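Peer 1: Taken in order, these protein sequences are the chains called A and B. Numbers in this note's numbering are just positions in the first sequence, counted from 1, shifted up by 6. Anchor point for the second sequence: position 26 equals 13 in this note's numbering, and the numbering is continuous, going up by one each time.
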Amino acid sequence: MLFNSYEFILLFLPITMIVYFALQRKRLTIVAKCWLLLASLFFYSWWDIKYLPLILCSILFNYAIGGALSEMERTGKRAVSRKNILIFALIANIGLLCWFKYMDFFILTANNVTGSHLPLLRIILPLGISFFTITQIAFLIDAYEGLVKERNLLNYALFVTFYPHLLAGPILHHKDMMPQFDRLKNKVLNWKNLYFGCMLFFFGLFKKVIIADTFTPWATAGFNSLEPLTLVPAWLTSLSYTFQLYFDFSGYSDMAVGIGWMFNISLPINFNSPLKASGMIDFWKRWHISLTNFITTYLYTPILRAFQKITFTTSLVAIFLSMLISGFWHGAGWTYIIWGGLHGVGLVVNHIWKKKKYRMPSFIAWFLTFNYVNVSFVFFRSKTVGGAMHLLAGMAGLNGVMLDKSLEKITFLRNAGLTFGPWLASIEGNDKTWIFSITALLVVVFCKNSAELVARVRPQFHWLMLLLCIAFWSLFEMNKVSEFLYFQF
Amino acid sequence: MLTIDMLESVFREVFDDENISLSRATTANDIDDWDSLTHMNLIIALELRFKIKFALGELQSLKNVGEMQDIINKKLFRN
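(1) Going by C-alpha distance, which of 401/A, 29/A, 290/A is nearest residue 375/A?
(2) Between which two residues does the alpha helix (DSSP H) holding residue 392/A run?
(3) Of the residues that make up the region 137 to 152 of chain A, which ones have a beta carbon closer than 8 Å to any beta carbon in chain B?
(4) Determine the direct distance from the alpha carbon of residue 28/A to that of residue 187/A, and round the result to whole angstroms.
(5) Quick one: does residue 185/A have its CB under 9 Å from some CB of chain B?
(6) Could you check how far apart the C-beta atoms of residue 44/B and residue 147/A are, in whole angstroms? I think they sit under 8 Å.
(7) Helix, strand or coil: how does DSSP classify residue 426/A here?
(8) Output yes if chain A places a C-beta closer than 9 Å to the C-beta of residue 56/B; else output no.
(9) Give a yes or no on whether the C-beta atoms belonging to residue 47/A and residue 26/A are separated by under 9 Å.
(10) Mind the definition here: the region 239 to 257 of chain A touches the region 393 to 406 of chain A only if three or more C-beta pairs lie below 8 Å; say whether that holds.
(11) Establish whether the CB of residue 31/B and some CB of chain A are separated by less than 9 Å.
(12) Between the Cα of residue 270/A and the Cα atoms of 183/A, 296/A, 236/A, 466/A, which residue gives the shortest distance?
(13) Taking its Cβ as the centre, do 16 or more other Cβ atoms sit within 10 Å of residue 361/A, making it buried, or is it exposed?
(14) Tell me whether the beta-carbon of residue 252/A lies closer than 9 Å to the beta-carbon of residue 227/A.
(15) Would you list the one or two residues that DSSP bridges to residue 14/B?
(16) Is it the case that the region 209 to 218 of chain A contacts the region 467 to 483 of chain A, given that we only count it when at least three CB pairs across the two stretches are under 8 Å?
(17) Is there a Cβ of chain A sitting closer than 9 Å to that of residue 28/B, yes or no?
(18) Hey, out of 57/B, 2/B, -11/B, whose CA is closest to residue 17/B's CA?
(19) Among 298/A, 353/A, 340/A, which residue has its Cα nearest to the Cα of residue 391/A?
(20) Residue 333/A to residue 288/A, Cα distance in whole Å?
(21) Please list, in chain order, all residues of the same chain as residue 435/A whose beta carbon is under 8 Å from its beta carbon, the five residues on each side excluded.
(22) For residue 37/B, collect the residues of the same chain with a Cβ closer than 7 Å to its Cβ; drop the 5 residues on either side in sequence, then sort them by chain order.
(23) With distances taken Cα to Cα, identify the nearest neighbour of residue 40/A among 285/A, 163/A, 250/A.
(24) For residue 180/A, count neighbouring C-beta atoms within 10 Å of its own C-beta (all shown protein chains included) and say buried if the count is 16 or more, exposed if not.
(25) Between the C-alpha atoms of residue 19/B and residue 202/A, what's the straight-line distance to the nearest angstrom?
(26) With 9 Å as the threshold, decide whether the Cβ of residue 0/B is near any Cβ in chain A.
(27) For the alpha helix (DSSP H) that residue 268/A lies in, which residues bound it at each end?
(28) Compile a chain-ordered list of the residues in the region 69 to 92 of chain A whose CB is closer than 8 Å to at least one CB of chain B.
(29) Quick check: what's the CA-CA separation for residue 22/A versus residue 260/A?
(30) For the alpha helix (DSSP H) that residue 102/A lies in, which residues bound it at each end?
(31) Determine the chain A residues that contact residue 4/B at a beta-carbon separation under 8 Å, and present them in chain order.
(32) Can you tell me whether residue 154/A is buried or exposed, with buried defined as 16 or more other CB within 10 angstroms of its CB?
(33) Using three-state DSSP, classify residue 408/A as helix, strand or coil.
(34) Given this structure, state the Cα-to-Cα distance separating residue 300/A from residue 110/A, to the nearest angstrom.
(35) Just to make sure I have the definition right: I need the residues of chain B whose C-beta is within less than 9 Å of the C-beta of residue 32/A. Which are they?
(36) Counting only beta-carbon atoms, is residue 11/A nearer than 9 Å to chain B?
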């Protein structure tokens, strides 16, 4: 079920909430939590019930291992070493992810290297597997290190499956989440939270339905184009995708956090105007923040600790490797690895720059960061490395420059050797394409983000009007099915 | 009992800045040089100074001086 579907907004969300708080009101806390768990599993099974056993087994397995690790620490009884159990469980989780996500990539790579012709398995990626796997890996490591205090299966299952975050994050930490389901004041419907939650939810829906989906056709046409793209459409293709991805994913995250608030559950804010960043370090503090935290804690730190000596150089190597792995986590393909590598290089350069205490005017810093990120997303979106290079060639002007026919009358443009014609036909665009791109650029750079806006919201008439306007506008425009980009990861 | 002053001396050493002054409310956002990289140096320095070991899951909470003080105190007290 999609957040941007009528069945979700008009039926699923209100029904789950009303029943949940009604049960809580009757002091049937456990039943209420069971209801929320069942609702989340129903939400998950809506696409394909085939994968329900998979997520259930994953939860039970990790809960049992986590419990065993905590128990062994408490009692000190050790038939098998705790470390071996942890390693076994990590291999099981990563193995599961490899099987469903990376098998075909490995087979394809093996075929290319050895010249063999092994058939591809064409396994369909179960939704949310990347997310629920890493959430649980963090839980296992924490259990091993003695940080898991709570051992309630219902809370654990609810923490993993709670439907706002299940499919594409924000990536949660058990320590922040599990106690929230038991806090007394969270069990009563809170009108303020409901109001703010609705506000954030509809801001997110607006970002997805009205903004991101407007850019989708142009980005798709550009990236699928078989013709070489000239300068302007090539840039508009890459910018369209950058805006599509940002508004789609941050819109999704806003909706998730908003729904969380409606249930009095606080989920972490995932985006903080990342396209305003004036450096790659700054970018990753603002983009997919919950992933940055996960990578720093559970990837970068262990890699760094594995080095015998912690120096500036080893830190940079650890950063680069972490970003490479993060790229591969996003998808099974060389394009994602290159994307991760580009961000790794960007971060390394930024850290060296910072250490040397070099300075740069903030506009130039922003300009470089924005374009670097924009170019990196060309790899992120392209199906093949060749496809990405193809588009980048267009962006570099190697396929020439074509402008709109109406500009042909301007003498110096005509003399500059440019061609004139249907300049945006190759990306199925029109004047709206460039006007929207410029507007979106101004919005992401100069406007407040949704979390900042919600922080200013008061229970006043004009805010309510704004809420109703964006809600109805989004609902009326929501006539087509359009999945969130991060569901494929 | 670990005091803010004791933390302050570690911070001044790691960030090489004698002007750093801490309160329980100080976070990574308040000190320019406190990023993911220097955070690790800080962690290692704290581990060495107080002869403790942090778990991975604690590292995010340590980006806030108040919580840092509590976590270290808990470890020192337990030992």
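Glycine is no exception: its CB is placed at the ideal position from the N, C-alpha and C atoms. A quick note: this is a predicted structure, and the numbers were derived from the prediction, not measured.
Peer 2: Based on what the coordinates show:
(1) It is 290/A whose Cα lies nearest to the Cα of residue 375/A.
(2) Unbroken alpha helix (DSSP H) run through residue 392/A: 391 to 401.
(3) Listed by position along the chain: 144, 147, 148, 151, 152.
(4) Looking at the backbone, the Cα of residue 187/A and that of residue 28/A are separated by about 15 Å.
(5) No - not a single Cβ of chain B is within 9 Å of the one on residue 185/A.
(6) Confirmed, Cβ separation roughly 7 Å.
(7) In the structure shown, residue 426/A sits in a strand (DSSP, three-state: E or B).
(8) Under the 9 Å criterion on CB atoms, residue 56/B is classed as non-interfacial with respect to chain A.
(9) The Cβ atoms of residue 47/A and residue 26/A do not sit closer than 9 Å to each other.
(10) Touching, per the Cβ criterion.
(11) Chain A contact via Cβ: present.
(12) Measuring from the Cα of residue 270/A, the nearest candidate turns out to be 183/A.
(13) Looking at its Cβ environment, which holds fewer than 16 other Cβ atoms inside 10 Å, residue 361/A is exposed.
(14) Contact flag unset, no.
(15) Paired residues: 51/B.
(16) Yes, the region 467 to 483 of chain A touches the region 209 to 218 of chain A.
(17) Judged by the 9 Å Cβ criterion, residue 28/B is in contact with chain A.
(18) For the residues 57/B, 2/B, -11/B, the minimum Cα distance to residue 17/B belongs to 2/B.
(19) Checked all of 298/A, 353/A, 340/A; the closest Cα to residue 391/A is 340/A.
(20) Taken atom to atom, the span from the alpha-carbon of residue 333/A to that of residue 288/A is near 18 Å.
(21) Excluding sequence neighbours, residue 435/A sits near 224, 227, 239, 242.
(22) Residues 59, 63 of the same chain have their beta carbon placed closer than 7 Å to that of residue 37/B, with the five preceding and five following residues left out of the count.
(23) The residue from 285/A, 163/A, 250/A with its alpha-carbon nearest to that of residue 40/A is 163/A.
(24) Its Cβ being crowded by 16 or more others within 10 Å, residue 180/A is buried.
(25) Approximately 32 Å between the Cα atoms of the pair.
(26) Residue 0/B does not count as touching chain A.
(27) Residues 237 to 268.
(28) Within the region 69 to 92 of chain A, no residue has a Cβ lying closer than 8 Å to any Cβ of chain B.
(29) About 19 Å.
(30) For residue 102/A, the enclosing alpha helix (DSSP H) has its first and last residue at 88 to 103.
(31) Contact annotation for residue 4/B against chain A: no contact, minimum CB-CB distance about 12 Å [criterion: below 8 Å].
(32) Sixteen is the threshold: when 16 or more other Cβ atoms of the shown chains lie within 10 Å of the Cβ of residue 154/A, as they do, the residue is buried.
(33) Three-state result, residue 408/A: strand.
(34) Taken atom to atom, the span from the alpha-carbon of residue 300/A to that of residue 110/A is near 26 Å.
(35) None at all; the shortest Cβ gap to chain B is about 36 Å.
(36) By the rule that beta-carbons nearer than 9 Å mark a contact, residue 11/A does not touch chain B.
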